[in-house]
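To start, the structure under review is shown below, and the notes come after it.
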Amino acid sequence: MRNSFVTNDFMAKARDLLRLTQTKVVIGALICGGTFSSISYKNEALKESRIPTAFSEVHSTTRRLAAEGKQLPPLTAYYTKTNDFLMQVFEANNTAVEISREHRVFGKELEFRIEPMERIHEQIPEYVKELRSVTHAALQSTHKLVEAEQELPAVSKSLFGCWDVSHDDVTRLEPTISTDSKGKTSVSYSSVYDHTTHTYKYHPKEGHKAARLLQDFIQKHPDLNTEERLIPATVTGADNEYAIERSMRDLFDGKIPTKEQALKLANTCITGSNFTKYTPIINTAYVDFRQLAAQWNIAQKTAHDEQYITYSHSDSGPKEYQISKQAKNCADLIYNGASNIISGIKIVEKKAPFLEQKVREYVGVTLDKKKGDANQLRLEVMALPRDMYAQNYEDGLDVQPFKWSMVALWTAAGALVGGAAGYGVDRVIALKQGSPLRRQERHFQP
């Protein structure tokens, strides 16, 4: 009898809980949110076997240039060979995941790309060996940007230190008179914006230093042009076209890409490279930088402390301040562009051997039963090439197709739909009970 009483009591409380509007909303949100999350996760997981893969056709480009009596330029060699090196891992992942997510399957695919006995195309160890000299040659080819990256921070720091700037908002109390229903009048005060005091304190010593650093930099670097231009491929081979087709089915709706489409994707390592993206920005900014350096050499002599009031929160400042600020912005723009090119090359130089090491470790653990954490190694084997690719090809292929942001977005959308459905169910129940606007009269009591 006691058990029956407890069960009945529990059921009664459960029914009371379910009658609450907020309970229906929460349950709906949880159910739909979970469903949407699960479906979205599965859809994103499917993309893991479709990491976009496109090889550079560097060998055909090398042969074409050799026929013209030319050699493959250093930067073209760097961006094409780095791309093909990283694509080795992405292609191995795609092939493996289409078969199974078991570690042994991925390990076997990677083994094909490191063991000389399995060689069909150039393998990971060969790329790593080549990249030791290729990255060095690429840094030599971009030596002007390497030097700019090293020297510009001091210039930028000095320009920033020329001024101390403050913008102090001043407020006033403004009365508000109100009268209540009995005719009683009261006064309240609120703080409202009145004006802003702008203060520009100039430091002549730092201004002179900035002018000297600017002139020294301009004299040392008449330009920041990199004479080399990246050379794209003109043809694609059957193997590459198949890799593109298989890894980008969604892009082509399951159709075979045309020769033109395949060639465009094969050249993404050129068109999407950081060198292609940032070189025009650097060169344009440097033209302005040279002009501003000359202007600041004059302005630093007339610059002085200034303080004045405006009726706006923001202020562009005195002419001399504007010149120094624009010069600093140009210096930062050039530095960031150079850094995005140079740091990418240095990252490959440093991490390429490390990636080969991790691939060998993973193959050893998954195929040769060596000690190690296969899960962790697999994460590293995939994370390293993705990071190197992202650092060198900002406008390149999307090699991270799995998007947690999409899972979160669909989960939130599901929760909203479910919550709305729960509220709708509650309103329907209320209407059936004859009181659409009724308040909850029974409350759950724990």
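Those letters in the sequence shown? Residues 626 to 1071, per the working numbering, in order.
Beta carbons: idealized from backbone N, C-alpha and C, even for Gly.
For the alpha helix (DSSP H) that contains residue i, what are its first and last residues?
{"i": "lysine 1077", "result": "Outside the shown range of the chain, which is 626 to 1071, sits residue 1077, and nothing can be said about it."}
{"i": "serine 781", "result": "768-785"}
{"i": "glutamate 743", "result": "Run containing glutamate 743: none; DSSP gives neither H nor E here."}
{"i": "tyrosine 911", "result": "899-927"}
{"i": "aspartate 709", "result": "699-724"}
{"i": "phenylalanine 731", "result": "728-736"}
{"i": "glutamate 1005", "result": "999-1017"}
{"i": "isoleucine 739", "result": "It is not in any alpha helix (DSSP H) - isoleucine 739 carries neither H nor E in the DSSP assignment."}
Where does the unbroken beta strand (DSSP E) through residue i begin, and where does it stop?
{"i": "glutamine 932", "result": "931-935"}
{"i": "threonine 678", "result": "Careful: threonine 678 lies outside any beta strand (DSSP E) and carries neither H nor E."}
CB-CB under 7 Å to residue i, same chain, minus the five flanking residues each way: which ones, in chain order?
{"i": "alanine 928", "result": "Tyr827, Gly832 and Glu945"}
{"i": "glutamine 696", "result": "Leu690"}
{"i": "serine 674", "result": "Low per-residue confidence applies at serine 674: pLDDT is 49, beneath 50, and the placement is therefore not dependable, though the value from the model is reported in the following sentence. For serine 674, where only same-chain residues beyond five positions count, the Cβ hits under 7 Å are Asn719, Val722 and Glu723."}
{"i": "alanine 836", "result": "Trp921, Asn922 and Gln925"}
{"i": "aspartate 794", "result": "Tyr818, Thr821 and His938"}
{"i": "tryptophan 1029", "result": "Caution applies to tryptophan 1029, whose pLDDT of 44 falls short of 50 and renders its modelled position unreliable; the value that the coordinates give is listed next. Excluding residues within five positions, none has a Cβ falling inside 7 Å."}
{"i": "lysine 976", "result": "Leu1009 and Met1013"}
{"i": "threonine 904", "result": "Thr851"}
{"i": "phenylalanine 737", "result": "Glu743"}
{"i": "lysine 995", "result": "Gly989"}
{"i": "glutamine 1070", "result": "Residue confidence is low: glutamine 1070 scores 45 on pLDDT, short of 50, so the model does not pin down where it sits. No coordinate-derived value is stated."}
Would you list the one or two residues that DSSP bridges to residue i?
{"i": "glutamate 799", "result": "Ser815"}
{"i": "serine 806", "result": "Serine 806 pairs with nothing; no bridge assigned."}
{"i": "serine 791", "result": "Thr824"}
Residues in its own chain within less than 6 Å of residue i by CB, not counting five upstream and five downstream?
{"i": "glutamine 775", "result": "none"}
{"i": "asparagine 668", "result": "Low per-residue confidence applies at asparagine 668: pLDDT is 48, beneath 50, and the placement is therefore not dependable, though the value from the model is reported in the following sentence. There are no such residues."}
{"i": "alanine 670", "result": "Annotation note: pLDDT 45 at alanine 670 (below 50); position unreliable, no value reported."}
{"i": "glutamate 866", "result": "Ala887"}
{"i": "threonine 687", "result": "Leu697"}
{"i": "serine 898", "result": "Tyr704 and Tyr1018"}
Below 8 Å CB to CB, which residues in the same chain sit around residue i once its five sequence neighbours on both sides are set aside?
{"i": "histidine 761", "result": "Glu974"}
{"i": "glutamine 915", "result": "The amino acid at residue 915 is misidentified as glutamine; the sequence shows arginine. Within the same chain, arginine 915 has close Cβ partners Ile843."}
{"i": "cysteine 955", "result": "Ala910, Tyr911, Asp913, Phe914 and Leu917"}
{"i": "alanine 779", "result": "Leu838"}
{"i": "arginine 797", "result": "Ser816, Val817 and Asp819"}
{"i": "lysine 706", "result": "Ser681, Val683, Tyr752, Glu755, Leu756 and Val759"}
{"i": "tyrosine 814", "result": "Leu798, Glu799, Pro800 and Thr801"}
{"i": "lysine 717", "result": "The displayed chain sequence assigns alanine, not lysine, to residue 717. Excluding residues within five positions, the ones whose Cβ falls inside 8 Å are Phe731, Glu734, Leu735, Phe737 and Arg738."}
- Message: Quick test of the definition: if touching needs 3 or more C-beta pairs under 8 Å, does the stretch 926-936 touch the stretch 982-996?
- Response: Judged by Cβ distances under 8 Å, the stretch 926-936 makes no contact with the stretch 982-996, as fewer than three pairs qualify.
- Please determine if the stretch 676-687 and the stretch 848-861 are in contact, where contact requires at least 3 C-beta pairs separated by less than 8 Å. yes
- With a floor of 3 residues, list each beta strand (DSSP E) that falls wholly inside the stretch 815-887, ordered by position along the chain. none
- Looking at C-beta atoms only, is the number of pairs between the stretch 783-790 and the stretch 799-807 that lie closer than 8 Å three or more? In short, these stretches do not touch, since the Cβ pair count stays below three.
- Message: Assess contact between the stretch 709-719 and the stretch 1010-1017, defined as three or more Cβ pairs (one per stretch) separated by less than 8 Å. Is contact present?
- Response: yes
- Hey, is the stretch 837-852 in contact with the stretch 908-919, meaning 3+ C-beta pairs nearer than 8 Å? yes
- Are the stretch 748-764 and the stretch 979-989 touching, with three or more C-beta to C-beta distances below 8 Å? yes
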